[in-house]
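Novice: Numbering (the numbering used here), first residue to last: 217 to 732.
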Amino acid sequence: MRSKKLVVGILAHVDAGKTTLAESILYTSGSIRRLGRVDHRDAFLDTDRQERERGITIFSKQAQFSWQDMDITLLDTPGHVDFSAEMERTLQVLDYAVLVISGADGIQGHVLTLWRLLERYHVPVFLFINKMDQPDTDVASLLAQIKDRLDKRCVPFGERDTAFYEEIAVCDEETLESYLNGVPVNDETITNLVAQRKVFPCFFGSALKVEGVTELLDGIRDYTKMPVYGEKFAARVYKIARDAQGNRLTHVKITGGTLKVKQMIRTHDGNRGYGRNRGYDGIGEADAVTEEKIDQIRIYSGEKYTMEQEVTAGCVCALTGPVTTFCGEGLGEEKENTIPLLEPVMTYRIVLPDGCDVHQMYNKLCQLEEEEPQLHIVWREQVGEIQIQLMGEVQIEILRNMIADRFGVEVTFDEGSIVYKETIVSAVEGVGHYEPLRHYAEVHLLLEPGEPGSGLQFHSRCSEDVLDRNWQRLVLTHLEEREHIGVLTGSPITDMQITLVAGRAHLKHTEGGDFR
217 MRSKKLVVGI LAHVDAGKTT LAESILYTSG SIRRLGRVDH RDAFLDTDRQ
267 ERERGITIFS KQAQFSWQDM DITLLDTPGH VDFSAEMERT LQVLDYAVLV
317 ISGADGIQGH VLTLWRLLER YHVPVFLFIN KMDQPDTDVA SLLAQIKDRL
367 DKRCVPFGER DTAFYEEIAV CDEETLESYL NGVPVNDETI TNLVAQRKVF
417 PCFFGSALKV EGVTELLDGI RDYTKMPVYG EKFAARVYKI ARDAQGNRLT
467 HVKITGGTLK VKQMIRTHDG NRGYGRNRGY DGIGEADAVT EEKIDQIRIY
517 SGEKYTMEQE VTAGCVCALT GPVTTFCGEG LGEEKENTIP LLEPVMTYRI
567 VLPDGCDVHQ MYNKLCQLEE EEPQLHIVWR EQVGEIQIQL MGEVQIEILR
617 NMIADRFGVE VTFDEGSIVY KETIVSAVEG VGHYEPLRHY AEVHLLLEPG
667 EPGSGLQFHS RCSEDVLDRN WQRLVLTHLE EREHIGVLTG SPITDMQITL
717 VAGRAHLKHT EGGDFR
């Protein structure tokens with residue numbers, strides 16, 4: 217029986233050699249017999265036609281491999297900035313991450329974004345500095361740059377000599393104090409510091425020549441530990457996709473207990489997905505809850521998968537059956553839904569060919585929004601057009617091809633415009649009162665500035681003696697249901713704390729819609 221089961225993600229700036237490293241890891245571990253190459257269009261994890269044609273990763277992929285006493289699920293993520301949202305969604309299910317840095321290029325702009333995201337999701341990080349076989353690459357200068365621009369606690373895991381253990385000890389005050397008092401730094405100490413993001417092990421090598429890969433795998437074996445999982449079923453949805461037959465797939469990590477085929481799970485109204493809503497972290501009685509049955513449990517490795525009857529905590533799998541799940545949703549004991557940090561920056565109008573039914577096309581495009589919530593498909597009824605939010609030009613090309621392949625429709629996109637957001641700089645209270653004949657509702661909201669990038673956060677500080685709990689839940693649900701428009705430019709509001717502080721309902725005349 218293997219002693220350790222981990223979920224490890226690989227992240228990088230585009231062209232740093234991330235997919236090549238994944239290929240080398242799978243080859244070194246014996247999971248694949250032949251090394252594929254991105255430029256030869258035969259990499260194990262680049263399974264999509266567009267990925268092979270362009271030589272970039274567009275969709276996150278999963279592979280299984282074993283290394284000595286470890287079973288690892290490897291998640292390969294996109295490196296191109298246009299597909300950062302796909303990458304970010306995988307962070308919420310990772311136990312550890314391998315950040316690949318090009319030794320030829322050093323710290324590039326997108327690497328800093330990745331580093332901030334890894335910090336936000338509290339993911340422990342191993343660094344692999346790749347392409348060290350290329351001329352003019354220097355370990356000392358690269359390490360200095362990494363310490364300066366990322367974190368001074370990035371430590372090269374080469375010789376385990378006195379200088380190495382001293383450098384480890386300096387990364388943590390408590391460890392340093394013990395070390396100075398004669399207590400040696402052992403593997404358990406290092407493992408704990410890595411898990412607490414107080415030490416970031418660095419390995420140097422060449423993925424293309426399979427150099428340094430064994431050392432990286434040994435480092436992951438020696439300095440990681442399994443998370444502690446609860447006994448009750450829990451799972452985190454990180455991706456929605458469809459297979460070649462059109463079956464809807466809910467990709468999850470099991471974070472507690474077990475899941476069996478034919479088991480019923482509670483899911484929540486898909487309109488509560490973070491593509492449309494921002495930040496309320498609870499599920500209440502007023503929310504739409506659905507019981508859905510698990511038809512299949514699939515464990516993917518590249519294009520192929522195996523069917524399982526039961527999976528346990530720590531497993532990453534794809535489920536068929538559920539139709540209302542959404543990216544970021546917590547299932548079972550995972551009560552909170554996650555909110556992404558990265559958002560698209562451009563809005564485009566989709567131009568349909570003559571004779572194409574705009575309403576049917578909108579419904580089809582909403583399927584794509586399930587898979588990529590940050591597309592933000594919007595129907596502008598006033599002008600009779602579909603708008604979409606994207607990250608950049610490469611994503612436009614990929615999306616155009618996806619629409620043509622899946623729906624048989626050739627669309628174009630007009631010139632994009634910047635997505636603007638509004639916020640407030642000081643607190644203000646808003647009061648709403650609704651009292652037509654035989655209806656009554658009143659709501660008091662406190663609006664406060666939030667941290668940049670925090671989105672909209674919804675809370676309640678209203679006493680249940682003033683407004684019943686079910687009405688409070690309903691108010692919060694209605695706040696999330698729609699995009700709220702600001703007063704300066706008519707742009708959506710963001711980065712605000714919205715708190716329910718008071719409200720009133722009538723025992724006889726109040727209905728749920730009154731609060732909306």
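Idealized CB from N, CA, C, for every residue including glycine.
Predicted model only: the values in this text are computed from it and were never measured.
(1) Where are the beta strand (DSSP E) runs, 3 residues long or more, that stay fully inside the segment 593-677, in chain order?
(2) Kindly indicate the opening and closing residues of the alpha helix (DSSP H) around residue 433.
(3) Could you check if residue 303 is buried or exposed, using at least 16 other CB atoms within 10 Å of its CB as the buried criterion?
(4) Assign residue 387 to buried or exposed, taking buried as 16 or more other Cβ atoms, counted over all protein chains shown, within 10 Å of its Cβ.
(5) Considering only DSSP beta bridges, list what residue 565 is partnered with.
(6) Ignore the nearest five residues each way along the sequence and tell me which others in residue 654's own chain have a CB closer than 8 Å to its CB.
(7) Enumerate in chain order the residues of its own chain whose CB-to-CB distance from residue 381 is below 8 Å, with the five nearest sequence positions on each side excluded.
(8) Where does residue 371 fall in DSSP's three states?
(9) What residue range does the alpha helix (DSSP H) around residue 576 cover?
(10) Find the nearest neighbour of residue 233 within the set 348, 277 and 244, judged by alpha-carbon distance.
(11) Once the 5 residues before and after residue 313 are set aside, which same chain residues still bring their CB inside 8 Å of it?
(12) Skipping 5 residues on each side, what residues in its chain have a beta carbon closer than 8 Å to that of residue 403?
(13) Hey, how far is the Cα of residue 418 from the Cα of residue 373?
(14) Given residue 586, which residues of its chain have a CB within under 6 Å of its CB, disregarding the five upstream and five downstream residues?
(15) Do you know whose CA, among 682, 681 and 672, lies nearest residue 758's CA?
(16) Smallest Cα separation from residue 659: which of 605, 716 and 476?
(17) For residue 315, which option in 647, 702, 703 and 370 has the closest C-alpha, if you only look at C-alpha atoms?
(18) Residue 532 bridges to which residues according to DSSP?
(19) Which residue from 385, 474 and 536 puts its Cα closest to that of residue 398?
(20) CB-CB under 8 Å to residue 240, same chain, minus the five flanking residues each way: which ones, in chain order?
(21) Closer than 8 Å is the cut-off here; do at least three beta carbon pairs connect the segment 607-614 with the segment 559-579?
(22) Thinking C-alpha only, which one of 515, 574, 238 and 242 is nearest residue 627?
(23) Can you tell me the Cβ-Cβ gap for residue 664 and residue 713, rounded? I've got them flagged as a contact below 8 Å.
(24) In its own chain, which residues sit with a C-beta less than 6 Å from the C-beta of residue 730, not counting the 5 before and 5 after it?
(25) What residue ranges within the segment 321-384 form continuous alpha helix (DSSP H) runs of no fewer than 4 residues, ordered along the chain?
(26) Does DSSP put residue 300 in a helix, a strand or coil?
(27) Tell whether a beta-carbon distance below 8 Å holds between residue 475 and residue 436.
(28) Could you work out which residue in 350, 719 and 453 is closest to residue 733 when comparing CA atoms only?
(29) Could you check which residue in 667, 668, 643 and 652 has the C-alpha nearest to that of residue 754?
(30) Once DSSP output is grouped into helix, strand and coil, what is the label at residue 688?
(31) Do you know whose CA, among 633, 522, 346 and 220, lies nearest residue 321's CA?
(32) Near residue 511, what residues of its chain come up, given a Cβ to Cβ distance below 6 Å and the 5 sequence neighbours on each side ignored?
(33) In or out: residue 579 buried (at least 16 other Cβ within 10 Å) or exposed?
(34) So residue 445 is in the alpha helix (DSSP H); what residue range does that whole segment cover?
(35) If you compare alpha carbons, which of 359, 318, 554 and 290 is closest to residue 531?
(36) Between the beta-carbon of residue 471 and the beta-carbon of residue 451, is there less than 8 Å?
Specialist: On the basis of the supplied data:
(1) 594-596, 601-606, 644-650, 657-665 and 672-676
(2) 429-438
(3) buried
(4) buried
(5) 603
(6) 725
(7) 395, 400 and 401
(8) strand
(9) 574-587
(10) 348
(11) 224, 225, 226, 227, 307, 334, 339, 340, 341 and 342
(12) 438 and 439
(13) 6 Å
(14) 456
(15) Outside the shown range of the chain (217 to 732) lies residue 758, about which nothing can therefore be said.
(16) 716
(17) 370
(18) 469
(19) 385
(20) 251, 423, 424, 426 and 429
(21) yes
(22) 574
(23) 4 Å
(24) 650, 655 and 657
(25) 325-336 and 355-365
(26) helix
(27) no
(28) With the chain covering 217 to 732 only, the question about residue 733 has no answer from this structure.
(29) Residue 754 is absent from the model: the chain starts at 217 and stops at 732.
(30) helix
(31) 346
(32) 536 and 537
(33) exposed
(34) Looking at the DSSP string, residue 445 is not in any alpha helix (DSSP H), and its letter there is neither H nor E.
(35) 290
(36) yes
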